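So in UniProt numbering, spot 44 of the sequence shown is number 44, and the numbers just go up one at a time.
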Amino acid sequence: MKGRVLDGAALVLADGDSVATALEDLDAGREVRDGNHAVTLADDVPFGHKFALEPLSAGETVQKYGEVIGRATEAVAAGEWVHTHNCESTRGRGDVAATEAER
């Protein structure tokens with residue numbers, strides 16, 4: 001399997017990713033370890049969904065697969081569920097590309 005599994009509970013697909021993907025439904029309060037680094041989940045994270053491995057500032061890019069998959073729409077703490085309520089996709093967004101080209 002590509003990537004690394006954290007505590008049998010989550011998958012990090014590439015070094016530098018800012019999120020991990022839950023391999024099962026994870027309960028808030030669970031600690032997930034990555035070597036010497038631990039993240040305590042602030043929210044329940046459903047199977048297949050993402051949680052932050054590190055704090056993200058509003059506007060900061062979200063990395064998964066070693067690629068930018070979106071942008072945080074608000075500050076996200078380590079261990080928070082990352083989904084449409086706090087992250088927006090930047091992939092295939094002509095409006096984002098046009099805005100960035102104007103800068």
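Heads up, the beta-carbon is just placed ideally off N, CA and C, and yes, glycines get one too.
For clarity, every value in this text was computed on a predicted model and none was experimentally measured.
Quiz item: CA-CA distance, Thr-40 and Ala-20?
Solution: 13 Å
Quiz prompt | Whole-angstrom distance between Phe-51 and Ala-75, CA atom to CA atom | solution = 13 Å
Self-check item: Identity of the residue in His-37, Asp-25, Ala-38, Gly-3 nearest Ala-9 by Cα
Solution: Asp-25
Exercise. Can you tell me which of Ile-69, Ala-72, Tyr-65, Asp-44 puts its alpha carbon nearest to the alpha carbon of Ala-14?
Key: Tyr-65
Quiz prompt | Beta bridge counterpart(s) of His-83 as assigned by DSSP | solution = Answer is none; His-83 lacks a bridge partner.
Practice problem: For Gly-29, collect the residues of the same chain with a Cβ closer than 7 Å to its Cβ; drop the 5 residues on either side in sequence, then sort them by chain order. | Solution: Thr-40, Leu-41
Quiz item: Regarding Asn-86 and the ligand COA, is the C-beta to nearest heavy atom distance less than 8 Å?
Solution: Ligands displayed in this structure: none; no statement on the ligand COA is therefore possible.
Self-check item: Anticipated Cβ contact below 8 Å, Glu-54 with Ala-78, distance rounded
Solution: 5 Å
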